[in-house]
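Asker: When you number the sequence shown by UniProt numbering, it's gap-free, plus one each residue, and the end is 139.
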Amino acid sequence: MIKINDVNKVNDLKTAKTPKASGGESFSVYLKETMKPQAAPVGPGGAISVADAIFAAQMVDADEEKEVRKKLIKRGQTLLEKLEEIRDGLLMGYISRDRLIEISRLVKDNRYQSEDPRLQEILGEIELRVEVELAKLMK
1 MIKINDVNKV NDLKTAKTPK ASGGESFSVY LKETMKPQAA PVGPGGAISV
51 ADAIFAAQMV DADEEKEVRK KLIKRGQTLL EKLEEIRDGL LMGYISRDRL
101 IEISRLVKDN RYQSEDPRLQ EILGEIELRV EVELAKLMK
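#1: Tell me which same chain residues have a C-beta within less than 7 angstroms of the C-beta of aspartate 116, skipping the five on either side of it?
#2: Tell me the rounded alpha-carbon separation between leucine 72 and leucine 119.
#3: What residue from Glu64, Leu83, Glu67 has the CA that sits closest to leucine 128's CA?
#4: According to DSSP, simplified to helix, strand and coil, what is proline 82?
#5: So, with DSSP's three-state summary, where would you put aspartate 116?
#6: How about leucine 80 and serine 104: do their beta carbons lie closer than 8 angstroms?
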């Protein structure tokens, strides 16, 4: 059997006393001095660094590449539409020579270059297909 003595005894628990600060007011005076707002001199603006210039050039290049990419995609879509016109003309049994000349001119004009090799490859295949179909019809 276990014996429990003095369950209500609280004297064993003592609160921790905070130690008194040493140094008196000298520390608080120092603290107040450092907290005062001070006007810091502002120097002239620095020149644009080389890294900033390179970054700006890359941003321009990226924007130009996006524009070229949009133009290439639009060109590819236009060429695919023209291929569909050729197909429709073949199915109906007639396609005008003027239409073929217009499509041929479209293929030869407005060739843009992109840094994206996959996009260039796709456009090259579309252009080749249009040229093949035009060559067949021009015989």
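Beta carbons: idealized from backbone N, C-alpha and C, even for Gly.
Answerer: The structure says:
#1: Around aspartate 116: Arg69.
#2: Each residue's alpha carbon lies about 8 angstroms from the other.
#3: That would be Leu83, whose Cα lies nearest to the Cα of leucine 128.
#4: One point to set straight first is that residue 82 is lysine, not proline, in the sequence displayed. The answer is helix: DSSP assigns lysine 82 an H, G or I state.
#5: Coil, per DSSP.
#6: No.
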